[in-house]
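Residue numbering for the sequence shown follows our numbering, beginning at 68 and increasing consecutively.
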Amino acid sequence: MTQDFYTRLVYARTLPVVGRLAYYLLKALGVEIPCSVRIEEGFELVHGGFGVVIHSKTVIGKRVKIYPGVSIGRADIYRPIHESRFEGIVIEDDVILAPGAKVLGKEGVLRVGRGTVVGANAVLLQSTGENEIWAGVPARKVGTRR
């Protein structure tokens, strides 16, 4: 499977020498993925992922698809970082984050379970189980993925 240009840039961010260039090129293209974000194989930044913002304390599993406008980060940005109980976000394997989805953790580690789909413009504020479908604001479980 060939990777598109944007996905190649995502993986290149961690390389010595060219990594910083790839990071800044992604930023210029409207994608904010810090070098500290660990991303496993098969990641796909669908349609270039314009408007994607991912918190530095995020881990992304295998075969994850992220669409444009997705934000992954803290739900308590009104607090100074030293007062936050946010520890990070884990996006497990085979997750799909639809256009405009927001995954926001407030305390501890928020986990998006393996195979979960977070619907378009949904605001996910809690961990999910495996193969669940979440939608709405705030997001709630609306089904199961086969």
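Heads up, the beta-carbon is just placed ideally off N, CA and C, and yes, glycines get one too.
Can you give me the Cβ contacts of residue i inside the same chain, cut-off strictly under 8 Å, excluding the 5 residues immediately before and after it?
| i | result |
| --- | --- |
| R181 | G128, E159, D160, D161, V162, E197, N198 |
| Y73 | L93, L96, V98, L112, G115, G116 |
| W201 | T183, V184, V185, G186, A189, L191, T195, R207, K208, V209 |
| I156 | H122, K124, T125, V126, I139, G140, V170, G172, V176, L177, R178, V179 |
| T69 | With a pLDDT of 45 at T69, under the threshold of 50, the modelled position of that residue is not reliable, and no figure is offered here. |
When DSSP builds the beta bridges, which residues end up paired with residue i?
| i | result |
| --- | --- |
| A202 | R207 |
| V139 | First, the amino acid is wrong: residue 139 is Ile here, not Val. I139 is bridged to I121, V170. |
| L13 | The question about residue 13 has no answer, for the chain in this structure spans 68 to 213. |
| V190 | K169 |
| V179 | I158 |
| E99 | V120 |
Quick check: the Cα distance between residue i and residue j, rounded to an integer number of angstroms?
| i | j | result |
| --- | --- | --- |
| I148 | K173 | 11 Å |
| A101 | G86 | Just to set this straight, residue 101 is Pro in the shown sequence, not Ala. Approximately 11 Å between the Cα atoms of the pair. |
| P83 | G203 | 41 Å |
| P205 | Q193 | 9 Å |
| L88 | R212 | 38 Å |
| S103 | R75 | 16 Å |
| Y145 | E107 | 31 Å |
For residue i, tell me which candidate among the options has the shortest Cα-Cα distance.
| i | options | result |
| --- | --- | --- |
| F153 | G140, A165, G118 | G140 |
| G118 | L76, G175, A168 | A168 |
| R105 | T81, K132, L164 | T81 |
| D71 | Y91, S103, K132, R146 | K132 |
Going along the chain, which residues of its own chain have a beta-carbon closer than 7 Å to the beta-carbon of residue i, five neighbours each way excluded?
| i | result |
| --- | --- |
| S151 | R141, D143 |
| R130 | G109, D160, D161 |
| P166 | Y134, P135, G136, A187 |
Could you pull out every residue in the same chain whose Cβ sits closer than 6 Å to the Cβ of residue i, ignoring the five residues on either side in sequence?
| i | result |
| --- | --- |
| Y78 | none |
| L164 | I133, V137, V185 |
What residue range does the alpha helix (DSSP H) around residue i cover?
| i | result |
| --- | --- |
| F110 | Where F110 is concerned, there is no enclosing alpha helix (DSSP H), given that its DSSP letter is neither H nor E. |
| R75 | 72–79 |
Of all the CB atoms in chain D, is at least one closer than 9 Å to the CB of residue i?
| i | result |
| --- | --- |
| G118 | Chain labels in this structure do not include chain D; a single protein chain is all it has. |
So the beta strand (DSSP E) residue i belongs to, where does it begin and stop?
| i | result |
| --- | --- |
| R212 | Counting along the chain, R212 falls outside any beta strand (DSSP E), and DSSP gives it neither H nor E. |
| I158 | 152–158 |
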